[in-house]
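*Asks:*
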Amino acid sequence: MRLALFLLPLMASPAFANKIYITNERGNSVSVLDSATWEKIAEFPAGNRPRGITISPDGKKLYVCASDDDTVRVFDPETYEEIGTLPSGPDPELFVLGPGGNPLYIANEDDNLVTVVDVETRAVLAEVPVGVEPEGMAISPDGKTLVNTSETTNMAHFIDTESYQITHNILVDQRPRYAEFTADGTKLYVTSEIGGTLAVVDLTGSEPVVAKKIAFEVPGVLPEWLQPVGVRITADDSRVFVALGPANRVAVIDGTTDEVIDYLLVGQRVWQMALTPDEAFLITTNGNSNDVSIIDVKAEKVIKSVQVGEQPWGVVVAPD
Amino acid sequence: MPLLRTFIAAASALFALALPAAAVEVKAAVLRIDRTLPLPISRLDIPPGDLGFAGAELATEDNQTTGRFIGMEFSLETRAVAPEAAGDALDALKAEGIGLIVVLGDGPTTLALADRAGPEVLILNAGARDEALREEDCRANMLHVAPSRQMTTDAVVQFLIWKKWARLLLIHGSHPEDAALADAYRASAKKFGAKIVEERLFEDTGGARRTDTGHVLVQRQIPVFTQDTEDHDVVVAADESDVFAAYLPFHTWTPRPVVGSAGLIPVTWMPALEAWGATQFQRRFENLTGRGMREEDYQVWLALRVVGEAVTRTGSADPAAIRDYALSEAFELAAFKGQKVTFRPWNGQLRQPIMLTDRHVMVSVSPQDGYLHPVSPLDTLGRDRPETACTAFGG
């Protein structure tokens with residue numbers, strides 16, 4: 020009882036300190052921030068051209084796509100020591116972990132393949148042929164469906180994670196970069212960087228269907244620069260955040276109506292994003308201003324920017 | 067209008083996917099016109115035997131990777147012929163039932179082929195940069211993936227203005243192509259407010275291109291040729307015939323940068339490009355061919371990707387349907403240039419950024435920041451709609 024009383028004030032506050040890991044594509048490093056202070060507390064070498072980054076659900080393993088090393092590097096998130104590598108195929112850029120933390124699904128842009136790797140045994144479980152230049156990777160909440168986007172084929176490929184067969188292909192606009200499922204699994208959002216749109220894919224029917232394409236418009240910004248890339252969705256599916264690349268904005272979308280409600284000015288060439296576990300904050304990587312922007316999710320305001328390494332690309336937050 | 071466009075794209079996407087599994091066959095060909103030309107000044111420029119065809123092979127692979135998901139079968143024929151044999155080669159391809167033909171050749175031959183092909187064939191011009199093909203000699207059955215000369219000269223002059231290097235010494239060659247390129251530079255200078263302070267003609271007097279100690283003479287002759295000029299910021303070389311421009315950098319009397327046919331060169335592609343996700347594309351090409359990608363390869367690749375994109379979205383392999391879709395507002399294509407490329411509906415010219423390179427790295431890309439346009443900044447490169455002399459597109 021006494022213990023519980025002690026814990027109560029702690030749990031009521033959102034101020035769980037989480038480490039935030041940011042890959043610096045040009046700096047060949049990972050910067051570590053503390054979410055309580057937003058101070059940079061460490062920076063460690065992470066191989067050549069680190070881009071995609073993710074962390075195991077138990078917070079014990081940090082995975083980094085070292086693109087120019089043609090491998091996935093695995094780090095201890097506390098000591099920052101490298102504890103191993105995983106076979107990835109050439110030039111890994113983005114990947115996604117199965118909901119239980121295994122396997123790891125990796126997009127191999129050079130070979131038009133999705134590689135499935137067991138993170139414990141390092142075995143390649145499958146290679147799935149997909150379209151030209153596979154890039155975005157998303158896993159459904161139940162772990163049964165993997166989605167890969169191929170940049171030159173302009174498709175989202177739906178892959179059954181048991182049979183490793185493609186079940187559906189849907190065409191989206193030019194150069195699809197990123198895909199993300201809603202938490203309830205009824206929708207998939209796909210960004211098309213060159214097409215400048217966000218496709219809303221309805222998953223409630225017998226086949227996935229593009230229900231809507233959301234376009235973006237910011238006064239004073241050339242339409243050519245509105246290039247949607249990273250996507251993050253709140254756990255209640257009420258808000259969808261879309262990084263708009265060289266437009267230096269994050270679009271805020273109402274997850275119910277799928278209408279854009281606001282644009283938040285962040286750093287230059289905003290690329291990927293991550294939410295803190297309590298969803299109080301959204302962190303964006305800004306590749307051309309070498310910083311990250313911190314967005315207060317509830318207020319939908321940018322509250323801070325923090326300098327990191329050279330050309331920040333990916334970001335992941337340690338679980339509680 | 068954006069709403070309508072979204073609707074068309076979505077509707078056609080659904081249509082493509084609703085097609086039955088029976089394969090739609092898409093037959094395309096590349097017809098390359100090989101003229102007998104003198105050796106290039108630099109042996110780095112000797113054309114490989116598969117020039118253009120290699121780009122076609124990669125495009126066909128790319129199209130087919132997409133095609134297998136939606137029941138499309140892409141095939142490719144390639145022919146390399148002399149200009150006088152071009153007509154017969156075209157007839158033979160038509161007889162094989164091929165109605166999508168990429169032409170990589172000179173302006174007059176390309177125009178003759180478009181006239182001979184007839185309205186049931188779609189010609190995609192991947193080589194000729196002649197202004198006339200887009201203007202008074204435009205043809206309804208011909209789209210231009212290659213940029214016009216003035217698109218490339220506008221790209222150079224925009225950069226010079228951005229640099230505030232507005233006083234130009236124009237040196238042009240003595241062949242008709244050189245004169246056409248010099249005309250384009252004059253038009254670009256006028257358009258963007260640069261001043262050509264002096265012009266000089268470099269006469270092609272023939273002679274061998276390969277001599278053991280040619281550099282000794284070059285080092286003496288070029289300074290003499292470029293002395294006593296008006297004050298200038300930059301030397302603009304108009305030498306499409308590859309006679310002298312390569313000798314200008316470092317040899318001019320006054321120390322000034324060289325742009326145009328040497329020095330800083332406007333290109334549609336360069337094998338060093340890594341921006342805009344181009345690295346994987348370069349590597350796919352290099353794995354296929356064992357060499358770097360040249361402009362001709364890129365332009366042929368792009369022409370066939372236009373076909374692939376139109377087929378994927380419309381579900382039709384009919385040349386007329388592909389042409390109409392390419393010219394419609396719904397068409398857009400990612401081309402490793404950082405923004406989508408589209409067609410000008412009034413003359414069938416592909417809008418595209420032009421890169422400026424010293425052939426080692428990309429120095430800049432045009433259109434330059436600050437050149438605005440009501441339709442697209444890309445329309446600041448080349449002749450715009452109000453200036454067009456083309457009537458074949460119903461505009």
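Taken in order, these protein sequences are the chains called A and B. Numbering follows this note's numbering, with no gaps: position 147 of the first sequence is 166. Numbering follows this note's numbering, with no gaps: position 201 of the second sequence is 267. Heads up, the beta-carbon is just placed ideally off N, CA and C, and yes, glycines get one too. Computed from a predicted model, the values in this text were never measured in an experiment.
Can you check the segment 116-162 of chain B for any beta strand (DSSP E) of at least 3 residues that lies completely inside it and give the ranges in chain order?
*Replies:* Counting whole runs of 3 or more residues, the segment 116-162 of chain B contains the beta strand (DSSP E) stretches 138-147.
*Asks:* Under a Cβ-count criterion, where at least 16 other Cβ atoms within 10 Å of its own Cβ denotes burial, should B/ARG322 be classed as buried or exposed?
*Replies:* Buried is the call here.
*Asks:* Over the uninterrupted beta strand (DSSP E) stretch that includes B/MET428, give me the two end residues.
*Replies:* Residues 428-432.
*Asks:* In whole angstroms, give me the CA-to-CA distance for B/LEU209 and A/ALA145.
*Replies:* Approximately 43 Å between the Cα atoms of the pair.
*Asks:* So, helix, strand or coil for B/LYS257, using DSSP?
*Replies:* The answer is helix: DSSP assigns B/LYS257 an H, G or I state.
*Asks:* Using a cut-off of 7 Å between C-beta atoms, extract the partners of B/ASP128 located in chain A.
*Replies:* By Cβ distance, chain A contributes VAL151 and THR171.
*Asks:* Check whether the segment 190-202 of chain B and the segment 222-241 of chain B touch, using three or more Cβ-Cβ pairs below 8 Å as the test.
*Replies:* The segment 190-202 of chain B is not in contact with the segment 222-241 of chain B.
*Asks:* Got a sec: is the Cβ-Cβ distance from A/ASP179 to anything in chain B below 8 Å?
*Replies:* Not closer than 8 Å to any Cβ of chain B, the Cβ of A/ASP179 fails to qualify, so no.
*Asks:* Who are the neighbours of A/GLN287 on chain B, taking C-beta pairs under 8 Å?
*Replies:* Those do not exist, as A/GLN287 stays about 14 Å from chain B at its closest Cβ, beyond 8 Å.
*Asks:* Counting only Cβ pairs nearer than 9 Å, list the residues of chain B close to A/ASN305.
*Replies:* Those within 9 Å of A/ASN305 in chain B number zero; the least Cβ separation is about 18 Å.
*Asks:* Is the beta carbon of B/LYS29 less than 8 Å from the beta carbon of B/PRO419?
*Replies:* For residue 29 of chain B there is no data in the structure shown, the boundaries of chain B being 67 and 461.
*Asks:* Starting from the N-terminal side, write out each stretch of the alpha helix (DSSP H) that is 4 residues or longer and does not extend beyond the segment 339-383 of chain B.
*Replies:* The qualifying runs are 344-355 and 361-380.
*Asks:* Comparing the C-beta of A/ASP89 with each C-beta of chain B, is any distance below 8 Å?
*Replies:* Not closer than 8 Å to any Cβ of chain B, the Cβ of A/ASP89 fails to qualify, so no.
*Asks:* Using 8 Å as the limit for Cβ to Cβ distance, is B/LEU370 near chain A?
*Replies:* Not an interface residue.
*Asks:* Counting only the same chain and skipping the five closest in sequence on each side, list residues whose C-beta sits under 8 Å from that of B/LEU179.
*Replies:* Result list for B/LEU179: LEU97, ALA152, GLY153, LEU156, ILE167, VAL169, GLY171 and ILE189, in chain order.
*Asks:* Beta-carbon of A/ASP110 versus every beta-carbon of chain B: anything under 8 Å?
*Replies:* Interface residue, yes.
*Asks:* Output, in chain order, the set of chain C residues within a Cβ distance shorter than 7 Å of B/ARG349.
*Replies:* Judged by its chain identifiers, the structure shown contains no chain C, and its protein chains are A and B.
*Asks:* Based on the DSSP secondary-structure assignment, which residues constitute the bridge partners of A/GLN326?
*Replies:* Answer is A/ASP310.
*Asks:* Looking at the strands, I want to know which residues DSSP matches up with B/HIS281.
*Replies:* DSSP, once it has assigned bridges, lists no residue as partnering B/HIS281.
*Asks:* Find the residues of chain A that neighbour B/GLN346, judging by a C-beta separation of less than 8 Å, and give them in chain order.
*Replies:* ASP110, GLU128, ASP129 and GLU152, listed in chain order.
*Asks:* Below 8 Å, can you find three or more Cβ-Cβ pairs linking the segment 368-380 of chain B to the segment 121-137 of chain B?
*Replies:* Counting Cβ pairs under 8 Å, three or more are found: they touch.
*Asks:* Report the residue from A/ILE125, A/SER182, A/ASN47 and A/LEU52 whose alpha carbon sits nearest the alpha carbon of A/LYS323.
*Replies:* Cα-wise, what sits closest to A/LYS323 is A/LEU52.
*Asks:* Please report the residue range of the alpha helix (DSSP H) in which B/THR219 lies.
*Replies:* Residues 215-228.
*Asks:* From A/ALA337 to A/ILE39, what distance separates their C-alpha atoms?
*Replies:* Approximately 6 Å between the Cα atoms of the pair.
*Asks:* Could you pull out every residue in the same chain whose Cβ sits closer than 6 Å to the Cβ of B/THR446, ignoring the five residues on either side in sequence?
*Replies:* Only PRO433, TYR437 and HIS439 meet the Cβ criterion.
*Asks:* Can you check whether the C-beta of B/GLY343 is within less than 8 Å of a C-beta belonging to chain A?
*Replies:* With 8 Å as the cut-off, B/GLY343 counts as an interface residue toward chain A.
*Asks:* Going by the DSSP bridge assignment, what does A/PHE260 pair with across the sheet?
*Replies:* Paired residue(s): A/ARG251 and A/VAL271.
*Asks:* So A/GLY162 and A/PHE114 are supposed to be a Cβ contact under 8 Å. How far apart are they, rounded?
*Replies:* That pair is no contact at about 15 Å.
*Asks:* For the segment 135-169 of chain B, list every residue whose C-beta sits within 9 Å of some C-beta in chain A, in sequence order.
*Replies:* So the list reads PHE135 and ILE136, given in the order they occur along the chain.
*Asks:* For chain B, check one thing: does any of its Cβ atoms lie closer than 8 Å to the Cβ of A/ALA36?
*Replies:* Closer than 8 Å: no.
*Asks:* Taking the alpha carbon of B/ASP299 as the reference point, which residue from B/GLY381, B/ASP270 and B/ALA260 has its own alpha carbon closest?
*Replies:* Comparing Cα-Cα distances from B/ASP299 to each of B/GLY381, B/ASP270 and B/ALA260, the minimum goes to B/ALA260.
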